[in-house]
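Okay, so here's the structure we're looking at.
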């Protein structure tokens, strides 16, 4: 679980045997899901995912998928069978900035993911063969703009007051995902500056992945 | 062809805009910018298309749709409903009546309080895009007056886009003239063309 | 975005597969006033993308709780026809991708629309992709933008955007289908006429330098697209106004 401020996100990873996608028969499948649990906020209703939930899961997914830190070919078992890697994010408490907390939770969960034992094409539950190898750590920084001020890691009131929001996910030397939200605008220089700040913040976030 | 301005374009310094068209421009500092597509005619910015936003003082032609204790509800053909307050009028209207009134004030978010309502005789109502109304009226009402004189029809124009035409006079000719103006409002030579058409 | 497939060459002999220069856009045509009933409408043909947009409003807000007392509520519904993509017939109705694109577009439109002029009302943008060929959200934005202008909605300024990406390691603008599927990055950006960024998304991998260059290139190109909007409007008013939808 990752907690930034009052935001608590629990990430769980499960591996299951499944059929590969037709256009990529030799690769495993990465599937990310997210739920904004109604307990997390008076503004979360039960029911089908709303805008916030969809944006949250898709943006976190993008960062992890684009960074290519998981060798999807290594999840191939045999013809017609690959491992599906399911990452599910549950928001337990909402205090602003789901993106950064969610990405941090997902990466912590992935770091501790154990590979299941596979025998004769069958997955043996309960037996493991080491950890899932990761090629890097995609981590995100989210900024909001309120009037002429830009701030990192908005808490819930800063998020509501924000004119615009920018989430930048970096991995090693690359930018691997970005998402701008809100009605306001960013100048080009502002975006480039925030990218630099995102790289600077990686060390702090990395310290929390154990 | 006249120069066409699109939203965000800076307008020349001498350009003004009429009261009816005030939403067609925005002022930042001392500079006017177009907010909709239009052109400049004798230093006045004329929008080609603009959604109707009610303003105080607008003349409204409308149809009574409901009579309740609070007053008469009026269909204006726009997203904004008209309301004639019972306490402000002694008139006795019925559902379906056509009225001509003045937009007194806007009751947020989308009701226009109407004053001085007059019942209009049975006639025709044309639904004209409200952005064409200034062109239909013309400079100092020259265009609409010409149509009224040459056809003998009584015509009342609402800023909301409803145009009432009485059943007297050459009604069809008047309607044809109005339709010509709507489709050619942005072209030059329109006044001459309408003058010739009306004979 | 699809996966990087080293067997597919996107740049051959220093040229892109369709012969374009690295910073060259596909053909774009815009027509406004194509639908009779909608308050504003437009069609966009961008490469092989075909998009139609129809705008309604200002109208009463439904459901009522979405109503905002001081400004209009903008709702964009982006959808793809079931036959739009070259893949299998897809299920009709919104999926998560369409929903995300819908509200990302809404936020961008709201930046340029003078929403404070319509307190308590709603403006509906219906944008449908009839044929998809990469860059659909930018073509959809362009169609929606042109439709708003066509409908006479007061705007602070106009906006347009283009995507940047990487194909075989080279920076290219306006990804086509192959480059989107097999390239290494996809970065759609929309700029308003003041040059500010009002829509920005990215997936794939780019270094800081590549991103900086992408922003410079896309910013310059967006102005060319805004010029196309101007020309489309001028064409509408060149003669008598007619309503015609034609994708040929």
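Chains as they are written, first to last, in my numbering: chain A, 369 to 578; chain B, 105 to 303; chain C, -5 to 242. In this text, a Cβ means the ideal position worked out from N, Cα and C, and glycines have one as well.
Practice task
Report the residue from B/194, B/196, B/211 whose alpha carbon sits nearest the alpha carbon of residue 187 of chain B.
Solution key: Position 83 of the second chain, counting from 1, holds the residue named residue 187 of chain B. With distances taken between CA atoms, residue 187 of chain B lies nearest to B/211 out of B/194, B/196, B/211.
Practice task
Put residue 517 of chain A into one of helix, strand or coil per three-state DSSP.
Solution key: For the purposes of this step, residue 517 of chain A is taken as the residue at position 149 of the first chain. It is a strand residue.
Handout entry: In DSSP terms, what residue 223 of chain B is bridged to
Key = Counted from its first residue, the second chain places residue 223 of chain B at position 119. Residue pairing by DSSP puts residue 223 of chain B in a beta bridge opposite B/203.
Practice task
Please name the residue in C/189, C/206, C/133 whose C-alpha comes closest to that of residue 542 of chain A.
Solution key: Taking the first chain and counting its residues from 1, the one referred to as residue 542 of chain A is at position 174. Selected option, being the one with the closest Cα: C/206.
Problem - Whole-angstrom C-beta distance between residue 115 of chain C and residue 263 of chain B, which should lie under 8 angstroms - result: Here residue 263 of chain B corresponds to residue number 159 of the second chain, with the count starting at 1. Here residue 115 of chain C corresponds to residue number 121 of the third chain, with the count starting at 1. Cβ atoms of residue 263 of chain B and residue 115 of chain C stay farther apart than 8 angstroms, at about 18 angstroms.
Exercise for the section: Express the C-alpha separation of residue 255 of chain B and residue 275 of chain B in angstroms, rounding to a whole number. Expected result: For the purposes of this step, residue 275 of chain B is taken as residue 171 along the second chain, with counting starting at 1. For the purposes of this step, residue 255 of chain B is taken as residue 151 along the second chain, with counting starting at 1. Computed Cα separation, rounded: 7 angstroms.
Problem - Closer than 7 angstroms to chain B by CB, residue 224 of chain C - result: Stepping through the third chain from its first residue, residue 224 of chain C is reached at position 230. Judged by the 7 angstroms Cβ criterion, residue 224 of chain C is in contact with chain B.
Practice task
Name, going along the chain, the residues of the segment 173 to 206 of chain B whose beta-carbon falls closer than 9 angstroms to a beta-carbon of chain C.
Solution key: Cβ contacts with chain C: 182, 183, 184.
Handout entry: Whole-angstrom C-beta distance between residue 553 of chain A and residue 190 of chain C, which should lie under 8 angstroms
Key = Here residue 190 of chain C corresponds to residue number 196 of the third chain, with the count starting at 1. Here residue 553 of chain A corresponds to residue number 185 of the first chain, with the count starting at 1. Contact check for residue 190 of chain C and residue 553 of chain A: beta-carbon distance about 4 angstroms, within the 8 angstroms limit, so the pair qualifies.
Exercise for the section: Measure the alpha-carbon distance for residue 229 of chain B versus residue 139 of chain C and round it to whole angstroms. Expected result: Against the second chain, residue 229 of chain B aligns to sequence position 125. Against the third chain, residue 139 of chain C aligns to sequence position 145. Taking the straight line joining both Cα atoms gives about 32 angstroms.
Practice task
Go to residue 430 of chain A, then tell me how far its alpha helix (DSSP H) extends in each direction, as first and last residue.
Solution key: Stepping through the first chain from its first residue, residue 430 of chain A is reached at position 62. Unbroken alpha helix (DSSP H) run through residue 430 of chain A: 419 to 435.
Handout entry: Continuous beta strand (DSSP E) stretch holding residue 196 of chain B: start and end
Key = Position 92 of the second chain, counting from 1, holds the residue named residue 196 of chain B. For residue 196 of chain B, no beta strand (DSSP E) segment is defined, and its DSSP state is neither H nor E.
Exercise for the section: Measure the Cβ-Cβ separation of residue 512 of chain A and residue 471 of chain A and say whether it is below 7 angstroms. Expected result: Residue mapping note: residue 512 of chain A aligns to position 144 of the first chain, counting from 1. Residue mapping note: residue 471 of chain A aligns to position 103 of the first chain, counting from 1. Taking 7 angstroms as the Cβ cut-off, residue 512 of chain A and residue 471 of chain A do not qualify as a contacting pair.
Problem - Length of the line joining the Cα atoms of residue 180 of chain C and residue 549 of chain A - result: As a position in the third chain, residue 180 of chain C is number 186, starting the count at 1. As a position in the first chain, residue 549 of chain A is number 181, starting the count at 1. If you take the alpha carbons of residue 180 of chain C and residue 549 of chain A, they lie about 17 angstroms apart.
Handout entry: DSSP bridge partner residues for residue 542 of chain A (one or two, in chain order)
Key = In the first chain, counting from the first residue as 1, residue 542 of chain A sits at position 174. Per DSSP, A/539.
Exercise for the section: Have a look at B/126, B/299, B/159 and flag the residue whose alpha-carbon is nearest the alpha-carbon of residue 247 of chain B. Expected result: Within the second chain, numbered from 1, the residue matching residue 247 of chain B stands at position 143. Of B/126, B/299, B/159, the residue nearest in Cα terms is B/299.
Exercise for the section: Using alpha carbons as the reference points, say which of A/442, A/388, A/400, A/435 lies closest to residue 499 of chain A. Expected result: Reading the first chain from its first residue, position 131 is the one you call residue 499 of chain A. Measuring from the Cα of residue 499 of chain A, the nearest candidate turns out to be A/442.
Practice task
Please state if the CB of residue 124 of chain B and the CB of residue 238 of chain B are separated by a distance shorter than 7 angstroms.
Solution key: Residue numbering aside, residue 238 of chain B sits at position 134 when the second chain is read from its first letter. Residue numbering aside, residue 124 of chain B sits at position 20 when the second chain is read from its first letter. Yes, Cβ-Cβ distance for residue 238 of chain B and residue 124 of chain B is below 7 angstroms.
Handout entry: Contact residues within the segment 190 to 216 of chain C, judged by C-beta distance below 7 angstroms to chain A
Key = Contact annotation: in the segment 190 to 216 of chain C, residues whose CB is within less than 7 angstroms of a CB in chain A are 190, 191, 192, 193, 194, 195, 196, 197, 198, 199, 200, 201, 202, 205, 206, 209, 213.
Practice task
Determine the closest residue to residue 564 of chain A out of C/109, C/202, C/211, with distance taken between C-alpha atoms.
Solution key: Mapped onto the first chain, residue 564 of chain A falls at position 196. The shortest C-alpha separation from residue 564 of chain A is found at C/202.
Practice task
Name the two residues that bound the continuous beta strand (DSSP E) containing residue 182 of chain C.
Solution key: The sequence position of residue 182 of chain C within the third chain is 188, counting from 1. For residue 182 of chain C, the enclosing beta strand (DSSP E) covers residues 179 to 186.
Exercise for the section: Would you mind stating whether residue 464 of chain A and residue 522 of chain A have Cβ atoms separated by less than 7 angstroms? Expected result: If you number the first chain from 1, residue 464 of chain A lands on position 96. If you number the first chain from 1, residue 522 of chain A lands on position 154. Cβ distance < 7 angstroms, so residue 464 of chain A and residue 522 of chain A count as in contact.
Exercise for the section: Mark residue 287 of chain B as exposed unless 16 or more other C-beta atoms lie within 10 angstroms of its C-beta, in which case mark it buried. Expected result: Stepping through the second chain from its first residue, residue 287 of chain B is reached at position 183. Residue burial annotation: residue 287 of chain B is exposed, with fewer than 16 other C-beta atoms found within 10 angstroms of its C-beta.
Problem - Closer than 6 angstroms: residue 429 of chain A CB and nearest the ligand NAD heavy atom - result: Summarising the ligand content, the structure contains no ligands, and the ligand NAD is consequently not present.
Exercise for the section: Quick one: residues in its chain with C-beta nearer than 8 angstroms to the C-beta of residue 399 of chain A, no 5 flanking neighbours on either side, listed in chain order? Expected result: What you label residue 399 of chain A is simply residue 31 of the first chain in a count that begins at 1. Excluding sequence neighbours, residue 399 of chain A sits near 452, 453, 454, 455.
Handout entry: Contact set for residue 450 of chain A: own chain, Cβ-Cβ below 7 angstroms, skip 5 residues either direction
Key = Here residue 450 of chain A refers to the residue found at position 82 of the first chain. If we look at residue 450 of chain A and ignore the five residues flanking it on each side, its Cβ neighbours are 386, 388, 395, 396, 397, 443, 444.
Problem - Among B/232, B/218, B/217, B/213, nearest to residue 113 of chain C - alpha-carbon criterion - result: As a position in the third chain, residue 113 of chain C is number 119, starting the count at 1. Ranking B/232, B/218, B/217, B/213 by Cα distance to residue 113 of chain C puts B/213 first.
Problem - Any chain C beta carbon closer than 7 angstroms to residue 276 of chain B - result: Locating residue 276 of chain B in the second chain gives position 172, counting from the first residue. No, residue 276 of chain B does not count as interfacial toward chain C.
Practice task
Would you kindly work out how many angstroms separate the C-alpha atoms of residue 239 of chain C and residue 382 of chain A, rounded to a whole number?
Solution key: Counting from 1 along the third chain, the entry for residue 239 of chain C is found at position 245. Counting from 1 along the first chain, the entry for residue 382 of chain A is found at position 14. If you draw a straight line from the Cα of residue 239 of chain C to the Cα of residue 382 of chain A, it comes to about 50 angstroms.
Handout entry: At least three beta-carbon pairs within less than 8 angstroms, the segment 155 to 171 of chain C to the segment 44 to 57 of chain C
Key = Short answer: they don't touch.
Problem - Contact check, residue 530 of chain A vs residue 196 of chain C, beta carbons under 7 angstroms - result: Translated into the one-based positions of the first chain, residue 530 of chain A becomes position 162. Translated into the one-based positions of the third chain, residue 196 of chain C becomes position 202. The beta carbons of residue 530 of chain A and residue 196 of chain C sit no closer together than 7 angstroms.
Practice task
Please state whether DSSP places residue 21 of chain C in a helix, a strand or coil.
Solution key: Here residue 21 of chain C refers to the residue found at position 27 when the third chain is read from its first residue. Of the three classes helix, strand and coil, the one that applies to residue 21 of chain C here is coil, per DSSP.
Problem - Short-range partners of chain B found in the segment 146 to 160 of chain C, where Cβ spacing is below 8 angstroms - result: Residues passing the 8 angstroms Cβ filter: 146, 147, 148, 149, 150, 151, 152.
Practice task
Pick out whichever of A/379, A/384, A/374, A/418 has its Cα sitting closest to the Cα of residue 489 of chain A.
Solution key: If you number the first chain from 1, residue 489 of chain A lands on position 121. Measuring from the Cα of residue 489 of chain A, the nearest candidate turns out to be A/384.
Problem - Reference residue 130 of chain C; option with closest CA among C/100, C/106, C/78, C/165 - result: On the third chain, residue 130 of chain C is found 136 positions in, with the first residue counted as 1. Residue 130 of chain C has its Cα closest to that of C/78, out of C/100, C/106, C/78, C/165.
Exercise for the section: Give a yes or no on whether the C-beta atoms belonging to residue 37 of chain C and residue 28 of chain C are separated by under 7 angstroms. Expected result: On the third chain, residue 37 of chain C is found 43 positions in, with the first residue counted as 1. On the third chain, residue 28 of chain C is found 34 positions in, with the first residue counted as 1. Cβ atoms of residue 37 of chain C and residue 28 of chain C: closer than 7 angstroms.
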